[in-house]
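Chemist: This structure is in structure tokens; I'll ask about it shortly.
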Amino acid sequence: GLVAEAGHATTTASATQTSASPKRKKAKKKRSRRSSIGKHTTRPADAEETPAVRYAQLSQIDCEIELDQRDIAYDRVYDKPEGVGVLAPVRLGGPLRGVTFRSDASEAKRETSPYEIADCRLVLALDDFAQILARHDIVEVRHYSMYRPPRSWPEGKIGKQHAGALALDAGRFLTSEGKVLDVDRDFHGAIGAKTCGEGARPRRATPESLTLRAILCEAVDARMFNVVLTPNYNRPHHNHFHLEVMAGVHWFLVH
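So for the sequence shown, the numbering used here puts the first residue at 20; every next one is plus one.
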């Protein structure tokens with residue numbers, strides 16, 4: 020689930036159309052997509068002071084220093100191409116503030132799974148997020164991936180989004196009592212609906228949907244992620260929250 024998806028064109032031109040017509044249609048669709056995303060984007064004057072922007076600007080060394088200062092257990096990923104395209108690849112060595120972030124793979128497979136690799140800068144944001152999760156009695160987050168290795172990648176190029184291990188796709192949240200809050204089942208959103216802020220509400224106000232919404236919107240208010248995408252964004256996001264730190268930007272997208 021990526022912001023880049025919103026820029027993907029699906030224009031189909033008939034054989035009878037002139038060469039200029041598909042171009043006009045494509046340009047119109049792009050404007051429409053930009054307008055839709057723009058409604059959900061903010062550019063705060065104090066962006067430089069937000070956690071997301073501060074983390075995104077860190078170098079590998081500076082980021083790892085902050086991990087050490089927070090006593091976060093991690094292992095740097097040294098072996099290429101395991102972390103190719105990732106500025107500061109690490110594997111978590113344990114929970115963050117009592118909250119475990121993991122995929123559904125077995126423990127043995129997770130030790131070498133590329134999907135368990137995160138950029139250090141994302142880990143700092145997740146450490147902040149864990150404080151919110153703990154307040155809601157969440158002890159585990161099951162995700163679909165953080166890093167998604169590209170099939171091929173130019174030497175020395177740093178990736179964005181999942182290609183740079185800067186995004187987490189969180190699907191389920193587990194409480195200390197074993198209750199599961201499943202985004203697919205419990206979020207009760209609608210494509211195009213507002214996610215956070217005045218007037219935002221789930222289609223069904225169940226305890227689960229309200230808790231998921233509270234967790235998400237508290238993270239939005241704390242501005243620890245530049246990009247937050249939910250089932251309200253599009254069909255591919257029906258089962259997860261896409262939480263992303265993005266380098267080089269001073270805006271926030273919540274959809």
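We treat Cβ as the ideally placed atom computed from N, Cα and C, and that holds for glycine.
Determine the extent of the beta strand (DSSP E) in which Phe-260 is found, giving its start and end residues.
Modeler: In the sequence shown, counting from the first residue as 1, residue 260 sits at position 241. Its beta strand (DSSP E) spans residues 260-263.
Chemist: Taking the continuous alpha helix (DSSP H) assigned at Asp-94, which residues delimit it?
Modeler: Counting from one through the sequence shown, the residue named residue 94 turns up at place 75. Where Asp-94 is concerned, there is no enclosing alpha helix (DSSP H), although the beta strand (DSSP E) it sits in stretches over 93-95.
Chemist: When you compare only the Cα positions, how much space is there between Phe-120 and Arg-161?
Modeler: The sequence position of residue 120 within the sequence shown is 101, counting from 1. The sequence position of residue 161 within the sequence shown is 142, counting from 1. The alpha-carbon atoms of Phe-120 and Arg-161 are separated by roughly 6 Å.
Chemist: What is the DSSP secondary structure of His-162, reduced to helix, strand or coil?
Modeler: The count along the sequence shown starts at 1 and reaches residue 162 at position 143. Strand.
Chemist: Give the secondary structure of Gly-267 by DSSP, where H, G and I count as helix, E and B as strand, and everything else as coil.
Modeler: Residue 267 sits at position 248 when you count from the first residue of the sequence shown. Coil, per DSSP.
Chemist: Assuming Val-202 is part of the beta strand (DSSP E), what are its boundary residues?
Modeler: In the sequence shown, residue 202 corresponds to position 183, counting from 1. Counting along the chain, Val-202 sits inside no beta strand (DSSP E); it lies in the alpha helix (DSSP H) bounded by residues 202-205.
Chemist: Mind checking which residues open and close the alpha helix (DSSP H) that includes Asp-90?
Modeler: What you label residue 90 is simply residue 71 of the sequence shown in a count that begins at 1. Careful: Asp-90 lies outside any alpha helix (DSSP H) and carries neither H nor E.
Chemist: Does DSSP put Val-109 in a helix, a strand or coil?
Modeler: Against the sequence shown, residue 109 aligns to sequence position 90. Strand.
Chemist: If I'm right that Leu-235 touches Thr-249 with Cβ under 8 Å, what's the distance once you round it to whole angstroms?
Modeler: Numbered from 1 along the sequence shown, position 216 holds the residue referred to as residue 235. Numbered from 1 along the sequence shown, position 230 holds the residue referred to as residue 249. Confirmed, Cβ separation roughly 7 Å.
Chemist: If you draw a straight line from the alpha carbon of Asp-94 to that of Leu-262, how long is it in whole angstroms?
Modeler: Stepping through the sequence shown from its first residue, residue 94 is reached at position 75. Stepping through the sequence shown from its first residue, residue 262 is reached at position 243. In a straight line, the C-alpha of Asp-94 is about 22 Å away from that of Leu-262.
Chemist: Do the stretch 167-184 and the stretch 206-219 touch if we need at least three Cβ pairs shorter than 8 Å?
Modeler: no
Chemist: For Gln-79, which residues in the same chain have their Cβ closer than 8 Å to its Cβ, ignoring the five residues on either side in sequence?
Modeler: Taking the sequence shown and counting its residues from 1, one reaches residue 79 at position 60. Cβ neighbours of Gln-79 beyond the five flanking positions: Leu-106, Ala-107, Cys-139.
Chemist: Using C-beta distances below 6 Å, list every residue in its chain close to Asp-201, excluding the 5 sequence neighbours before and after it, in chain order.
Modeler: Mapped onto the sequence shown, residue 201 falls at position 182. Within the same chain, Asp-201 has close Cβ partners Arg-191.
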